[in-house]
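A.B. asks:
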Amino acid sequence: MGSSNSTKSTVSERWTDLLGRLAGRHLKRELRTVERSGAVIKRNGTTLINLASNDYLGLASDLRLITAAQLALERYGVGAGASRLLAGNFSIHEELEVEIAKFKRTEAALVFSSGYATNIGVLTALAKANDYIYLDELVHASIHDGARLSGAQVERFRHADVDDLEHRLKANSSRGGRIVVTDGVFSMDGELAPLPDLVAVCERYDALLVVDDAHGTGVVGPKGRGTVAHFDLEDRVPVQIGTLSKALGVQGGFVAGSKELIQFLINRARSFIYSTGIAPALAAAALEALRIAEQEEWRRCI
């Protein structure tokens, strides 16, 4: 008993010390409660203009999404109840995936519980220990984590520097596979990735290109179809990743590509296999959000 208490005390002291050092560097994070979502929010009774949200099209509180979710709640219940490979796969999930594939102009799509889970699942499924993953140095943290967890060799090329990427690809004499990963729109400054040049380099060196378009989906390109569509490269980018939780205002992530890719991920992406499917109500809301995002062009012109 004494040894157990001593261990707990040591661990607690370690946590406290770390938090103190973070606070000293002004890096300690705190949760802040808001009273409602939307373009205007309330916090501690004060009304504020919301410039911290990813709800780019203002759909998170749209009554049409709320109604779609309510109807799905009545039909399907609250949660999916299981992994989609067991008893948690509903027709609304498959309908959403069909519409995502149409939206992204791909053969198929697969919905995950979050954008983070999508990147983790896709990269750990696609890469093996003898493969190489090349990351733009400013990609999202989930991409860095997925690459690291895959066990592949990871190299970071200078941000948006296609010449640096090509130099690294040319210097690699390994027989392992090569995967290049970039954001479509970089979240910190809104910069678009140089996709035409990245596609050309990947085709030249037989590298698989993965584009995480979390911040471009719904916002960039014709009818909001994303950065890949903006550059008219839909038939040359084999793996498109996106999220339902930003411009579409819901929750969840997805990957779009060939039928073979999606079947492969259903069988190998652990964050899909071992997670409960997203709530059917969220799938219904996302389906409605896709329809609105395509039809209401004015939302991208504000």
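For the sequence shown, my numbering begins at -5 and goes up steadily by one.
Cβ atoms here follow ideal geometry from the backbone N, Cα and C, with glycine treated the same way.
Just so it is clear, the structure is predicted and the values come from calculations on it, not from any experiment.
Strictly by DSSP, which residues pair up with S77?
C.D. replies: T270.
A.B. asks: Suppose you measure from the CA of V92 to the CA of Y128; what does that come to, to the nearest Å?
C.D. replies: When rounded, the distance between both Cα atoms is 30 Å.
A.B. asks: So V231 is in the beta strand (DSSP E); what residue range does that whole segment cover?
C.D. replies: Segment: none, V231 is in no beta strand (DSSP E) and carries neither H nor E.
A.B. asks: Report back the beta-carbon spacing between G247 and Q234 to the nearest angstrom; my notes put them in contact at under 8 Å.
C.D. replies: Actually they are not in contact, since the Cβ atoms of G247 and Q234 sit about 11 Å apart, beyond 8 Å.
A.B. asks: Which partner residues of T41 appear in the DSSP bridge assignment?
C.D. replies: According to DSSP, which records beta bridges pairwise, T41 is partnered with K36.
A.B. asks: Against chain C, does T100 count as a neighbour if the rule is that its beta carbon must be under 8 Å from one of theirs?
C.D. replies: Judged by its chain identifiers, the structure shown contains no chain C, having just a single protein chain.
A.B. asks: Below 8 Å, can you find three or more Cβ-Cβ pairs linking the segment 188 to 199 to the segment 209 to 217?
C.D. replies: Verdict: no, contact absent.
A.B. asks: Kindly list the residues whose CB is nearer than 7 Å to the CB of G215, restricted to its own chain and excluding five residues on each side of it in sequence; keep chain order.
C.D. replies: Contacts found: T221, A223 and H224.
A.B. asks: Sort out for me which residues DSSP pairs E149 with in a bridge.
C.D. replies: DSSP output for E149 lists Y128 as bridge partner(s).
A.B. asks: For the candidate residues D206, R172, A275 and N38, whose alpha-carbon lies nearest to that of R58?
C.D. replies: If we check each option's Cα against that of R58, A275 comes out closest.
A.B. asks: Using C-beta distances below 8 Å, list every residue in its chain close to G52, excluding the 5 sequence neighbours before and after it, in chain order.
C.D. replies: Excluding positions up to five away in sequence, the list reads G32, A33, G243 and R293.
A.B. asks: Terminal residues of the continuous beta strand (DSSP E) containing V105?
C.D. replies: That run of the beta strand (DSSP E) goes A102 to F106.
A.B. asks: Do you know how far the Cα of E290 is from the Cα of A123?
C.D. replies: Taking the straight line from one Cα to the other gives about 45 Å.
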